[in-house]
Every structure is written in C-alpha cells, then in structure tokens.
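Trainee: Each residue of the sequence shown is one higher than the one before, starting from 28 at the first, in the working numbering. Yeah, the Cβ is synthetic: ideal placement off N, Cα and C, and Gly gets one too. Every value quoted in this text rests on a predicted model; they were computed, and no experiment measured them. Here's a structure for you.
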Amino acid sequence: MDWNNSVWLFCERGTGTALLAEPVNALASLAGVLAALAAMWISHRLPRDRKSGAFPLLITPALLTGA
C-alpha cells in the first residue's frame, strides 16, 4: 500500500480534490453557515429581556462546522 496515494473509493468524491468534488458536502456546509447566520440575525432582533447568554454558545459551533 502506498501511503502517499489518495483513496477515491468512498463517499461521492470523484477524482479531484476541488471544493465541488463533493457537491453534497459543499451544500451541507453552506446550509450550516446559512443556518448560523439566520440564528445570529434572529438573536440580534430579539428584545434584550428575551436574549439568552446561550445563543453564542449554540451559534458558534454551527458556524464553525459549516465553515
């Protein structure tokens, strides 16, 4: 086995390493970023008495997972 060769036998990956070589993964990442941005927007629009300190703790991992 050559440890320097890429393995192309799994997932939907074709024969490239570009962003769109895995289109479903790229769409899922984009959806995660959009969901985090929407949550940030909703959180920003809430009145101060309804805001929770947990919002950043929930939004940040979603944003970092998609990015």
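Alpha helix (DSSP H) containing Ser70: first to last residue?
Mentor: Ser70 -> alpha helix (DSSP H) spans 50-72.
Trainee: To which residues of the same chain is Leu90 closer than 7 Å at the C-beta, ignoring the five residues directly before and after it?
Mentor: Val60, Ala63, listed in sequence order.
Trainee: If I measure Cβ to Cβ from Ser70 and keep anything under 6 Å in the same chain, skipping five residues before and after, which residues do I get?
Mentor: For Ser70, where only same-chain residues beyond five positions count, the Cβ hits under 6 Å are Phe82.
Trainee: One question on the structure: do Leu57 and Gly93 come within less than 8 Å of each other, judged by their Cβ atoms?
Mentor: The answer is yes: Cβ separation under 8 Å.
Trainee: Helix, strand or coil for Ala81, going by three-state DSSP, please let me know.
Mentor: Three-state result, Ala81: coil.
Trainee: Expressed to the nearest angstrom, what Euclidean distance is found between the alpha-carbon atoms of Asn31 and Glu49?
Mentor: For Asn31 and Glu49, the distance between alpha carbons rounds to 21 Å.
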